[in-house]
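Numbering follows the UniProt record's numbering, in which position 243 of the sequence shown is assigned residue number 243; successive positions increment by one, without gaps.
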Amino acid sequence: MSNQFKHRWRNDQLLIFGLLFLLLLIIVAIINWVVGLAGFLLLIALVIWYVRNDARFEEDLKEYITTLSYRLKKVGEEALLEMPIGIVLYDEKGHIEWINHYMTAQSEGDSFLNQPLDKISEDLPEFIQSDDTDTFLTIQDLKYQVISRKTERLLYFFDVTEFIELKQKHFDEQTVFAIICLDNYDEVTQGVEDQVRSNINNAMTSTIQNWAVEHGIYLKRTSSDRFVGILNEKILKELEEDHFIILDRIREKILVSHIPLTLSIGVGSGTSSLPELGQYAQSALDLALGRGGDQVAIKHPDGKVKFYGGKSNPVEKRTRVRARVISHALSELMVESDQVIVMGHQYPDMDAIGACIGILKIAEANGKEARIVVDPKNYGASVIKLVEELRKNEELWSKFISPEEAEEKMTRGTLVVVVDTHKPSMVMDAELLPMADRVVIIDHHRRAEEFVKDPVLVYMEPYASSTCELVTELLEYQPKDLKLDVIEATSMLAGITVDTKSFTFRTGSRTFDAASQLRSHGADTILVQKLLRDDLNQFNMRAKLIKDTTVYKDHIAIAVGAEDQIYDQVLIAQTADTLLTMEGVKASFVICMREDNKVGISARSLGEINVQLIMESVGGGGHLTNAATQLEDETIGEAYDLLKQAIDQYLQGGM
């Protein structure tokens, strides 16, 4: 606005000054009428000048307001019609009432008047029916942010294509850190001729380097069996899309040369901090190796981990050095502790009970009082007969206590040993873990994302048939002459027998060595068979499940229990084992309602199908050939649909 409008006089101020001036003139006229007359003439001239200027000001102001209104209207029309923002008005039925020129141009000249909103995008009708006020849509290969004003039935379209492309480019160029490890390289090359070792080294190195060059990865060898890789998120996405084909390439070379060597990769992703990337990569590699190797683990800052591979069974180690070292370390921890409390998982099986008894004997051999935590409410049907036999040995049975008693006995100097599981949510009494300063994990399952926090000692060997096998080896390296009672040795042998399906699954030479050692301590094989016998009711229930089995995808057997029927977890597992013996069945799944009102799924395979990955996708875990999960707040039918989706995803290569 011009300065003449900024300095306009106020009428009330002029009136006051005029009255004061008139009063002054009257006083002057009394003294000298000539001067007073001249003052009156001057006052009249000033009033005339003011009236004319005020009239001119009013005319200029009206003209300015008229011009400004026109300009604002013009700008509004141009903004509405010409600005690069899409504007769409629609009626109550979701049909387009009006569309601006920008949206018409973006739709290649089609105004879409009186057409439904799905002519612009199929997602628009659903969007305007929802409570959301903004969303992102793709129209004609362009990305738009759509803002809705539902009361006015108005939609704004903002082209954010360049912003999203820039954001995606920034994400694609973020650094990713990878640690690549050749599984069992030292053991494979130990004792072989130099030329054979050189051939193995050249074959593995050239395969990995060619793969790195193919995808644009910077690769640096740090030791005989380790490489460090630098890549970005875009390359990582490409590797995920082909499911890390390098694992198969290495495995194929192994099959040709008959050398049991595989590859494991830990990947750190999702942060710009290089130290954190390195930590995530190392943690991911530890997870991959802890799950048996031959797989890739990708870890993100939110703690989520993706797994690829894991198609081969872990190979049994050729040396017992680790068992001897762990046994001595466990003895030292026990000697330094006030007492030892041992527990397995909820609804313990024979492997968990047998392993607990083995740890109890190790503690006693080191002169420490030990107790085993069990909950009578959580006995599985498979261990009831074993518990009855244990009760006959009063001295041994007196070492079994309830979770409440264990919590009362806990001190800061207590050593807690967890066997046959490593998940805090699955232990017999999760309250004991935060009460203890030191926790030891002994398990034969592949490591999962959930893990006990800060254990002082971890002995996890996925190659082992059972936890009882691992504990039996630890017993062998105890410094004192340790003797087992018949029932103690039998309990541990029963644990091995159950987990190996009578020495037919996941059985290596060391499994038989452990069984032989237990047999030398007096383990009763006849008693083991009695403990494993079924009653007629269990047999009939299993037969009913098998009768109602359906075959999915030609070679996958799925048995589904009745919605109102409760099944024991052991019965579910036994049914899955039985189905696997049928002709043409490569994998079996059994879905039933458990005693804890959860839906249990037991999975078994002959090795061609990785049931561990399938179960992990629905919240479970286990081994390549033996896995399970429990689902809360799901019906049998919902669990069945969920399982089929997981199987389809696995068969399509989505895991």
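The beta-carbon is built from N, C-alpha and C at its ideal position, and this holds for glycine as well.
Point to revise | Length of the line joining the Cα atoms of Thr635 and Lys598 | key: Locating residue 635 in the sequence shown gives position 635, where the first residue counts as 1. Locating residue 598 in the sequence shown gives position 598, where the first residue counts as 1. Between Thr635 and Lys598, the C-alpha separation is close to 9 Å.
query: DSSP state of Lys237, grouped into three classes?
result: As a first step, residue 237 must be located in the sequence shown, where it is residue number 237. Helix.
Extent of the continuous alpha helix (DSSP H) to which Phe213 belongs: As a first step, residue 213 is located in the sequence shown; it is residue number 213 there, counting from the start. Checking the sequence, you will find Val at residue 213 rather than Phe. Element bounds for Val213: 194 to 215.
Starting from Arg542 and walking both ways along the alpha helix (DSSP H), at which residues does that stretch end? Here residue 542 is taken as the residue at index 542 of the sequence shown, counted from 1. Arg542 -> alpha helix (DSSP H) spans 536 to 547.
* Grouping DSSP H, G and I as helix and E and B as strand, with all else coil, what is Ala284? -> As a first step, residue 284 is located in the sequence shown; it is residue number 284 there, counting from the start. Helix at Ala284.
Could you check which residue in Gln129, Arg447, Lys253, Glu583 has the C-alpha nearest to that of Ala203?
-> Residue numbering aside, residue 203 sits at position 203 when the sequence shown is read from its first letter. Answer by Cα proximity: Lys253.
Review point. By how many angstroms is the C-alpha of Asp60 removed from the C-alpha of Gly39?
Key: Position 39 of the sequence shown, counted from the first residue, corresponds to residue 39. Position 60 of the sequence shown, counted from the first residue, corresponds to residue 60. One C-alpha to the other measures close to 31 Å.
**OP:** Might you give, ordered along the chain, the residues of its own chain that have their beta carbon closer than 7 Å to the beta carbon of residue 662, omitting 5 neighbours on each side?
**Re:** Because the chain here runs from 1 to 655, residue 662 falls outside it and cannot be looked at.
Express the C-alpha separation of Asp548 and Ala557 in angstroms, rounding to a whole number.
-> Numbered from its first residue, the sequence shown carries residue 557 at position 557. Numbered from its first residue, the sequence shown carries residue 548 at position 548. So the two alpha carbons sit approximately 10 Å from each other.
Quiz prompt | Start and end residues, alpha helix (DSSP H) containing Phe163 | solution = On the sequence shown, residue 163 is found 163 positions in, with the first residue counted as 1. Run containing Phe163: 161 to 172, per the alpha helix (DSSP H) assignment.
query: How would you label Ala363, buried or exposed, when you count the other beta carbons within 10 angstroms and need 16 or more for buried?
result: On the sequence shown, residue 363 is found 363 positions in, with the first residue counted as 1. By the neighbour-count rule (16 or more Cβ atoms within 10 Å), Ala363 is buried.
Using C-beta distances below 8 Å, list every residue in its chain close to Glu193, excluding the 5 sequence neighbours before and after it, in chain order. Locating residue 193 in the sequence shown gives position 193, where the first residue counts as 1. Within the same chain, Glu193 has no close Cβ partners at all.
Rounded to a whole number of angstroms, what is the C-alpha to C-alpha distance between Ile26 and Arg52? Along the sequence shown, one-based indexing puts residue 26 at 26. Along the sequence shown, one-based indexing puts residue 52 at 52. Distance between the alpha carbons of Ile26 and Arg52: 26 Å.
Margin query: Buried or exposed for Val47, going by 16 or more other Cβ atoms inside 10 Å?
Written below: Position 47 of the sequence shown, counted from the start, is the residue given in the question as residue 47. Val47 is exposed by the Cβ-count criterion.
key: Counted within 10 angstroms of its Cβ, other Cβ atoms place Ile65 as buried (16 or more) or exposed   = Taking the first residue of the sequence shown as 1, we reach residue 65 at position 65. Counting Cβ neighbours within 10 Å, Ile65 comes out exposed, since fewer than 16 surround it.
If we count Cβ pairs, one from each stretch, closer than 8 Å, do we get three or more for the stretch 326 to 336 versus the stretch 398 to 407? no
Would you check if the distance between the CB atom of Gln569 and the CB atom of Arg594 is smaller than 8 Å? Within the sequence shown, residue 569 is the residue found at index 569, counting from 1. Within the sequence shown, residue 594 is the residue found at index 594, counting from 1. Cβ distance < 8 Å, so Gln569 and Arg594 count as in contact.
Name, in chain order, the residues that DSSP records as bridge partners for Gln295.
One-based indexing of the sequence shown puts residue 295 at position 295. DSSP lists Gly309 as partners of Gln295.
Is it buried or exposed for Glu214, if we count other Cβ within 10 angstroms and need 16 for buried? For the purposes of this step, residue 214 is taken as the residue at position 214 of the sequence shown. By the neighbour-count rule (16 or more Cβ atoms within 10 Å), Glu214 is not buried but exposed.
- Message: Using only the alpha-carbon positions, how far apart do Phe505 and Arg447 sit?
- Response: Here residue 505 refers to the residue found at position 505 when the sequence shown is read from its first residue. Here residue 447 refers to the residue found at position 447 when the sequence shown is read from its first residue. Each residue's alpha carbon lies about 20 Å from the other.
Margin query: Please report the straight-line C-alpha distance between Gln649 and Leu642, rounded to a whole angstrom.
Written below: For this step, residue 649 is matched to residue 649 along the sequence shown. For this step, residue 642 is matched to residue 642 along the sequence shown. Taking the straight line joining both Cα atoms gives about 11 Å.
Between which two residues does the beta strand (DSSP E) carrying Leu89 extend?
Here residue 89 refers to the residue found at position 89 of the sequence shown. Unbroken beta strand (DSSP E) run through Leu89: 86 to 90.
**Asked** Taking only runs of the alpha helix (DSSP H) that begin and end inside the stretch 486 to 570, which ones reach a length of at least 4 residues, in chain order?
**Response** 486 to 499, 509 to 520, 525 to 532, 536 to 547
Enclosing beta strand (DSSP E) for Thr138 [first to last residue] | Position 138 of the sequence shown, counted from the first residue, corresponds to residue 138. Run containing Thr138: 134 to 139, per the beta strand (DSSP E) assignment.
- Message: Less than 7 Å between C-beta atoms, sequence neighbours within five positions excluded: which residues of the same chain meet that for Val452?
- Response: In the sequence shown, residue 452 corresponds to position 452, counting from 1. Val418, His422, Pro424, Leu433, Val439, Ile441.
Next on the checklist: On the criterion of 16 or more Cβ atoms from any shown chain inside 10 Å, does residue 660 qualify as buried, or is it exposed?
Outcome noted: Outside the shown range of the chain (1 to 655) lies residue 660, about which nothing can therefore be said.
**Request:** Find out if the Cβ-Cβ distance for the pair Thr490, Asp513 is shorter than 8 Å.
**Result:** In the sequence shown, counting from the first residue as 1, residue 490 sits at position 490. In the sequence shown, counting from the first residue as 1, residue 513 sits at position 513. In this structure, Asp513 does not lie closer than 8 Å to Thr490 by Cβ.
- Since Val560 and Leu532 are thought to touch, with beta carbons under 8 Å apart, how far apart are those beta carbons, to the nearest angstrom? On the sequence shown, residue 560 is found 560 positions in, with the first residue counted as 1. On the sequence shown, residue 532 is found 532 positions in, with the first residue counted as 1. At roughly 26 Å, the Cβ-Cβ gap does not stay under 8 Å, so Val560 and Leu532 are not in contact.
With DSSP as the reference, please indicate the residues paired to Ala55 in a beta bridge.
By 1-based counting over the sequence shown, the position of residue 55 is 55. Beta-bridge pairing links Ala55 to no other residue.
Along the chain, where does the beta strand (DSSP E) containing Phe112 start, and where does it finish?
Locating residue 112 in the sequence shown gives position 112, where the first residue counts as 1. Premise fails: Phe112 is in no beta strand (DSSP E) and is neither H nor E.
What's the call for Phe136, buried or exposed, on a 16-neighbour Cβ count within 10 Å? Counting from 1 along the sequence shown, the entry for residue 136 is found at position 136. That one is exposed.
_Suppose contacts are defined by Cβ-Cβ distances below 8 Å. Is Ala406 in contact with Asp429 by that definition?_
For the purposes of this step, residue 406 is identified with residue 406 of the sequence shown, where counting begins at 1. For the purposes of this step, residue 429 is identified with residue 429 of the sequence shown, where counting begins at 1. Yes, the pair counts as a contact, with Cβ atoms nearer than the cut-off.
query = If you drop the 5 nearest sequence neighbours on each side, which residues of the same chain put their C-beta closer than 6 Å to that of Gly86?
reply = Position 86 of the sequence shown, counted from the first residue, corresponds to residue 86. Result list for Gly86: Tyr102, Met103, Phe157, in chain order.
CB Tyr459 to CB Leu470, shorter than 8 Å?
-> The residue you call residue 459 lines up with position 459 of the sequence shown. The residue you call residue 470 lines up with position 470 of the sequence shown. Cβ distance < 8 Å, so Tyr459 and Leu470 count as in contact.
Is DSSP giving His422 helix, strand or coil here?
On the sequence shown, position 422 is the one that residue 422 refers to. In the structure shown, His422 sits in coil (DSSP, three-state: anything other than H, G, I, E or B).
>> If distances are taken between C-alpha atoms only, which option among Thr67, Leu19, Tyr640 comes closest to Ile44?
In response: As a first step, residue 44 is located in the sequence shown; it is residue number 44 there, counting from the start. Comparing Cα positions, the closest option is Leu19.
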